[in-house]
Structure formats: structure tokens, C-alpha cells
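All remarks here apply to the structure that follows.
See the structure below:
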């Protein structure tokens, strides 16, 4: 399964749970000519996996 | 400026102004840097305006391709951002994603993540020339939340006193790139007009 397919599977599942919209803030790597949708979705999938695993970092410095 | 999304740049300033006015009701003077996440910060105001519970999660991933993102559900929203972001970028990413909650409606909801991502890969998110899509409008909205008209005098004084954009960024806890955008001649002129019109 490609990273894109993996993300779309998550997206469809979440729509069933009430997801109505997603928005992304692209990083600097996305502006490079070599960047692909697979690169992008790989990071998005990673965030979903880490979130699901409870890997949320406390940032007391961000106010 | 786009009409396609149902939102124009002037609307963005009005939406941000409404948040700042509501925030002002809680404080005597708006402090700079303006609090985003603190109790009774502007995120809490946005939550009140939208009626959405907003969860903000810093996740340990590189943020190379994706600084952060928003998942909006019917009754809540989740904003995710990378641990690799410094304080200024973290605050900005949170505000930009939260701004989507303010200006988001069914007209500009994402219906196809692949098209959304392909658009981001081919279109830069900053600047005032060229296409004005909802992403770019949210950048302006976040900039306006973090640098409201209340700060204009201090901001311009900082620049005229010789502070560079990095030093000004530290003063307001806003990314240097955003300070440079805000103080660029075109954006400064536009913002001055819109700020004047709102008073």
C-alpha cells in the first residue's frame, strides 16, 4: 500500500467518525522540485501513527 | 483575491479583528507577544467563536514536508505540529490552522486530499502576488491574529529604530519570515488600509 493510499484509507475512515475538513501547512521540503505526494503523505501518516500511539510532546515553551 | 472560496482578504482581517476584540474584553491591554495557547489566549476565543473544542498536539516528527495540519470534525478539531518547529513557528502554525476554523465553510472544505497536496507541492504559500487561495488567506489571518492593529505603532517603531526582522520576530514571537512579509511594502500598505477601515 502506498503512503497516499494509506492516508486515504485513514481519511475515509475518519469521515465516518465526523471528519469534515483537513488542511495542511507545507514544510520547506515541499517546495523542492524533488518533493512528491508520497513524501508528504509519509509524514502525514507518521503523525497519525504517533498521535494514535499517544506520542504527544508537552511544549511548555509554546504559549 | 479569490472569490472562489467565499472568503476575501478583507474578510480575513475582519474575522481576525473579531477574535482580537473578543480577546480584548478579557484583558485591559493586549500584551505582546499575544498569548495563543495560554488559558484565555486567542485559541480559546476561536474555540468559543466556532463552538469547536480544539486539541493541539505537538508530535515528534521531522516536519520537513508538513509543518502541521488540521483535522476538523463536526464538533471538535485537532491541530498537529512538529516538535522541530521553534516557538515562533509553532505559534504561527497553530494560528494558521486555527484560522481555517474561522473562515472554513463547506465551500472551501477539502474534498480530495490528493488534489490538496498536489496543489501545495506546486504553489508557494507565502507572498502577495499570484494565486490567492484559502491557504494564503489563512497565512494572512494568522499574521493578523499575532500582529493585530494594536501592535502597529510598536511594530513600525521597532523597524524604524533599526531592529532587524529577526529581532522584531523575537519581540512578537512570530517567525522572521512573517515579519518580513508583514513589513514588505505591499502588505504593509494593504494592512494599513484595512486597519484604518476597521477603526
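Chains as they are written, first to last, in my numbering: chain R, 1464 to 1526; chain H, 25 to 223.
Where is the CB? At the ideal position from N, CA and C, for every residue including glycine.
When rounded, the separation of the alpha-carbon atoms in residue 214 of chain H and residue 159 of chain H is 18 Å.
Secondary structure of residue 116 of chain H (DSSP, three-state): helix.
Counting other Cβ atoms within 10 Å of its Cβ, residue 52 of chain H stays below 16 and is therefore classed as exposed. With a 10 Å radius around the Cβ and a threshold of 16 neighbouring Cβ atoms, residue 199 of chain H comes out buried. In the structure shown, the three-state DSSP call for residue 79 of chain H is strand. Counting along the chain, residue 143 of chain H sits inside the alpha helix (DSSP H) bounded by residues 137-146. C-alpha of residue 195 of chain H to C-alpha of residue 118 of chain H: approximately 18 Å in a straight line.
Nearest CB-CB separation between residue 1476 of chain R and chain H: not below the 8 Å threshold.
The DSSP-derived three-state label of residue 62 of chain H is coil. Boundaries of the beta strand (DSSP E) around residue 1484 of chain R: 1482-1489.
Note: residue 46 of chain H is not bridge-paired with any residue in the DSSP secondary-structure output.
Residues of the stretch 67-93 of chain H whose Cβ lies closer than 8 Å to any Cβ of chain R, in chain order: 81, 82, 83, 84, 85, 86, 87, 88, 89, 90, 91, 92, 93. Among the residues facing chain R, residue 211 of chain H is not included, as its CB has no counterpart in that chain under 8 Å away. Using a CB distance below 7 Å, the part of the stretch 39-70 of chain H facing chain R consists of 59, 60, 61, 62, ordered along the chain.
Using beta-carbon distances, residue 1515 of chain R does not count as an interface residue toward chain H, since no partner is under 8 Å. Think of a sphere of 7 Å around the beta carbon of residue 1493 of chain R: the chain H residues whose beta carbon falls inside it are 89, 144, 145, in chain order. Rounded to whole angstroms, residue 1504 of chain R and residue 128 of chain H show a C-alpha spacing of 23 Å.
The beta carbon of residue 222 of chain H is closer than 6 Å to those of 41 in its chain, skipping five residues each way along the sequence. Burial check for residue 1502 of chain R: the Cβ neighbour count within 10 Å reaches 16 or more, so the residue is buried.
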